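*Asks:* If you scroll down you'll find the structure; I have some questions about it.
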Amino acid sequence: MNMISVRKVWKEYDDQVVLENVSLEVKEREFVTVVGASGCGKSTFLRMLLGQETPSRGEFLIDGKPLPDEPGPDRGIVFQRYSVFPHLTVLENVMLGLELERAPLLGKLFGRKRGEVRERAMAMLDEVGLHHARDKYATELSGGMQQRLSIAQSVIKQPRILLLDEPFGALDPGISADMHKLILRLWEEHRMTIFMVTHDIKEGFELGTRLLVFDKVRLDAQAPNAFGATITYDIPLHVTSHKVLEELENAKAQTERFTDGLVAA
Amino acid sequence: MRRLLNLRPDRSSRLLLGILPFVALLIVYLLASNLRLTENPNDKMLPAIVTFADSITQLAFHEDKRTGNVILWTDTAASLQRLSIGLALAALGGLVFGILTGVLPYARAALSPLIAALSMIPPLAILPILFIIFGLGELSKVVLIVIGVAPFVMRDIGMRVGELPAEQLIKVQTLGASTWQAVVRVVLPQMLPRLIDAVRLSLGPAWLFLIAAEAIAATDGLGYRIFLVRRYLAMDVILPYVVWITLLAFVMDLLLRMLSRKAFPWYQKP
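Chains as they are written, first to last, in this note's numbering: chain A, 23 to 287; chain B, 645 to 914.
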């Protein structure tokens, strides 16, 4: 059973065609990475999945039903920047999603109920390695830690779909490696379906179970906006379960230790 | 020798440099006052320090023979009451309407042109209307301050809401927030320190409107007193009152700044 169906979707602004005739079927628990040149509509595609924008033609279906036309708690999002709340501490940022669910009027919990939510948020912070920073304001964190926080904030709501819009694009390369491990672990543990837009093709290959390339098939030098982009490559990437990768790494290390031992002897 | 633009005063010389112009101004005053008084001991334009001291003692520490009140404190209490009620109402109204127009496109479409038009009316031009409608009592003075200050606060807060990154409002929706929850958990808390900024900027206009209203129709208040004693050329009262008003405005500004720093540590720029 396909979870998400995209059927002949077009997106046009006035005389500019951004996406043309995009069709796609995605199963539950896939990790879809989306790459493409800038301006090729990959972020527009993500925004339509989010419900921030609606297609001009065609439809998005989720479990066979039309996708809601506004953002909701079933689809989490992590933007490249600005998606943590500067007036809340790290812990409060993570608690927010649960508080909104349990306190319709004030969006804030007190007393014992707050304690329960706090416990869960602390566990979540542990999971993303931000436990030590829980009482800092969100903007006091470094860029990488803010992204960890933004991820934790979304994941604690247990969304079925997690959307990532170039989440590691503004980070140092060294930090990205840690973030990759983190996102793969969360993907396994929380059983989410992930869409991740990235401008880094290597990252796309490393993380995804499936790689989509958005590109323009037709180009007209006289009217650069006349044709939109569509999915030009849809590449299945099989061995990316990080558990398998880890096993391979471990096996390799073991063999190396063994051969090193032989050489030393 | 380094360039002039790279030379920075240290802490103590900064303090000294700051005080210097005040001292210079005082010396100029004393010299001019002395000059005029030696020519004519009854001159009222630039009173001597002793005259000031006498008047201040009389106003601040002795009961008025006619009313039994200490004039300076009665005036101060009356003015501050009008000013704070007016500013509080303007801030509250500005916050509510600013957030409304900032968050909801429909409210913006319906209200923004009206607010923009209203904010162009010179408040003093409608002071007579206020006196006619609300009478000569406290209400008309408070309403003048509200009318003068609220449109600015509304527009300022509306713009500040617009400056919040769109990502924040999208994100909170994906965390399950309703419109109301997004306002009370994301927009409102981030607007409060900006509201303090807006009120601080409005202190000047608020005092202007207060003194104008008191000058025209009042029986007490700092503005009333200044305009009352103007008839007697009582510079020995007017000048201390002006200094006192300036001091009050300065202290209000300082308190608001301290409140912002204390209550919203995340808002302070490094």
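Ideal Cβ placement from N, Cα and C applies to all residues, glycine included.
Given the structure is predicted, the values throughout are model-derived calculations rather than measurements.
#1: Between the C-alpha atoms of ARG136 (chain A) and LYS130 (chain A), what's the straight-line distance to the nearest angstrom?
#2: Going along chain B, which residues have a C-beta under 9 Å from PRO128 (chain A)?
#3: Name the chain B residues that come within less than 7 Å of LYS179 (chain A), Cβ to Cβ?
#4: For GLN912 (chain B), return the contacting residues in chain A, with the cut-off set at a CB-CB distance below 7 Å.
#5: Quick check: the segment 111-129 of chain A against the segment 839-858 of chain B, are at least 3 beta-carbon pairs closer than 8 Å?
#6: Can you check which of these residues, B:VAL881, B:GLY781, B:LEU748 and B:LEU788, is closest to MET803 (chain B) by C-alpha distance?
#7: With a floor of 3 residues, list each beta strand (DSSP E) that falls wholly inside the segment 48-96 of chain A, ordered by position along the chain.
#8: Give me the Cα-Cα distance between ARG646 (chain B) and ARG658 (chain B), rounded to the nearest whole angstrom.
#9: List the endpoints of the continuous beta strand (DSSP E) containing VAL873 (chain B).
#10: In whole angstroms, give me the CA-to-CA distance for ALA859 (chain B) and LEU774 (chain B).
#11: Check the Cβ of PRO665 (chain B) against every Cβ in chain A and list those closer than 9 Å, keeping chain order.
#12: Could you check where the alpha helix (DSSP H) with PRO641 (chain B) kicks off and where it finishes?
#13: Using the beta-carbon count (16 or more within 10 Å), is THR745 (chain B) buried or exposed?
#14: So, at 7 Å on beta carbons, what are the nonlocal neighbours of GLU95 (chain A) in its own chain, with the 5 sequence-adjacent residues on each side left out?
#15: Need the endpoints of the alpha helix (DSSP H) that GLN239 (chain A) sits in, please.
#16: Going along chain A in order, which residues have a C-beta closer than 7 Å to the C-beta of PRO833 (chain B)?
#17: Does TYR104 (chain A) have its Cβ less than 8 Å from a Cβ in chain B?
#18: If you pair each beta-carbon of the segment 790-807 of chain B with each one of the segment 729-743 of chain B, do three or more pairs fall below 8 Å?
#19: Within its chain, find whatever has a CB closer than 6 Å to the CB of LYS33 (chain A); leave out the 5 residues flanking it on each side and keep chain order.
#20: Can you check whether the C-beta of SER60 (chain A) is within less than 8 Å of a C-beta belonging to chain B?
#21: With DSSP as the reference, identify every bridge partner of VAL797 (chain B), one or two as the case may be.
#22: Against PRO749 (chain B), what residues of chain A qualify as contacts under a CB-to-CB distance less than 8 Å, listed in chain order?
#23: Say whether chain B places a C-beta atom closer than 8 Å to the C-beta of MET97 (chain A).
#24: Pull the bridge partners of PHE217 (chain A) from the DSSP assignment, please.
*Replies:* Result, derived from the coordinates:
#1: Position 114 of the first sequence, counted from the first residue, corresponds to residue 136 (chain A). Position 108 of the first sequence, counted from the first residue, corresponds to residue 130 (chain A). Each residue's alpha carbon lies about 8 Å from the other.
#2: Translated into positions along the first sequence, residue 128 (chain A) becomes position 106. The displayed chain sequence assigns Leu, not Pro, to residue 128 (chain A). Those within 9 Å of LEU128 (chain A) in chain B are GLN825, VAL828 and ARG829.
#3: As a working mapping, residue 179 (chain A) is identified with position 157 in the first sequence. Simply LEU819 and GLY820.
#4: Within the second sequence, numbered from 1, the residue matching residue 912 (chain B) stands at position 268. None at all; the shortest Cβ gap to chain A is about 10 Å.
#5: no
#6: The residue given as residue 803 (chain B) occupies position 159 in the second sequence. Per the Cα distances, B:LEU748.
#7: 53-58 and 79-84
#8: Sequence index remark: in the second sequence, residue 646 (chain B) carries index 2 (1-based). Sequence index remark: in the second sequence, residue 658 (chain B) carries index 14 (1-based). Cα to Cα, the separation comes out at about 19 Å.
#9: Counted from its first residue, the second sequence places residue 873 (chain B) at position 229. Element bounds for VAL873 (chain B): not the beta strand (DSSP E) but the alpha helix (DSSP H), 866-873.
#10: Position 215 of the second sequence, counted from the start, is the residue given in the question as residue 859 (chain B). Position 130 of the second sequence, counted from the start, is the residue given in the question as residue 774 (chain B). Approximately 15 Å between the Cα atoms of the pair.
#11: Locating residue 665 (chain B) in the second sequence gives position 21, counting from the first residue. Correct list: empty, because the minimum Cβ distance to chain A is about 39 Å.
#12: The question about residue 641 (chain B) has no answer, for chain B in this structure spans 645 to 914.
#13: For the purposes of this step, residue 745 (chain B) is taken as the residue at position 101 of the second sequence. So THR745 (chain B) counts as buried.
#14: Within the first sequence, numbered from 1, the residue matching residue 95 (chain A) stands at position 73. As written in the sequence, residue 95 (chain A) is Pro, which differs from the Glu given in the question. For PRO95 (chain A), where only same-chain residues beyond five positions count, the Cβ hits under 7 Å are LYS179 and PRO181.
#15: One-based indexing of the first sequence puts residue 239 (chain A) at position 217. Residue identity check: residue 239 (chain A) is Val in the sequence provided, not Gln. It is not in any alpha helix (DSSP H) - VAL239 (chain A) carries neither H nor E in the DSSP assignment.
#16: Position 189 of the second sequence, counted from the start, is the residue given in the question as residue 833 (chain B). Going along chain A in sequence order, the residues near PRO833 (chain B) (Cβ under 7 Å) are HIS109.
#17: What you label residue 104 (chain A) is simply residue 82 of the first sequence in a count that begins at 1. With 8 Å as the cut-off, TYR104 (chain A) counts as an interface residue toward chain B.
#18: yes
#19: Position 11 of the first sequence, counting from 1, holds the residue named residue 33 (chain A). Cβ within range, chain order: VAL40, LEU41, THR66, PRO77 and SER78.
#20: Your numbering for residue 60 (chain A) matches position 38 in the first sequence. For SER60 (chain A), the answer is no, since every Cβ of chain B falls outside 8 Å of its Cβ.
#21: Walking along the second sequence from the start, residue 797 (chain B) turns up at place 153. Answer by DSSP bridge pairing: none, since VAL797 (chain B) is not bridged.
#22: Locating residue 749 (chain B) in the second sequence gives position 105, where the first residue counts as 1. Per Cβ cutoff of 8 Å: no residues; PRO749 (chain B) is ~13 Å from chain A at best.
#23: In the first sequence, counting from the first residue as 1, residue 97 (chain A) sits at position 75. Correcting the residue identity first, residue 97 (chain A) is Arg in this sequence and not Met. It does: the Cβ of ARG97 (chain A) has a partner Cβ on chain B nearer than 8 Å.
#24: Looking up residue 217 (chain A) in the first sequence gives position 195. Paired residues: A:VAL54 and A:LEU185.
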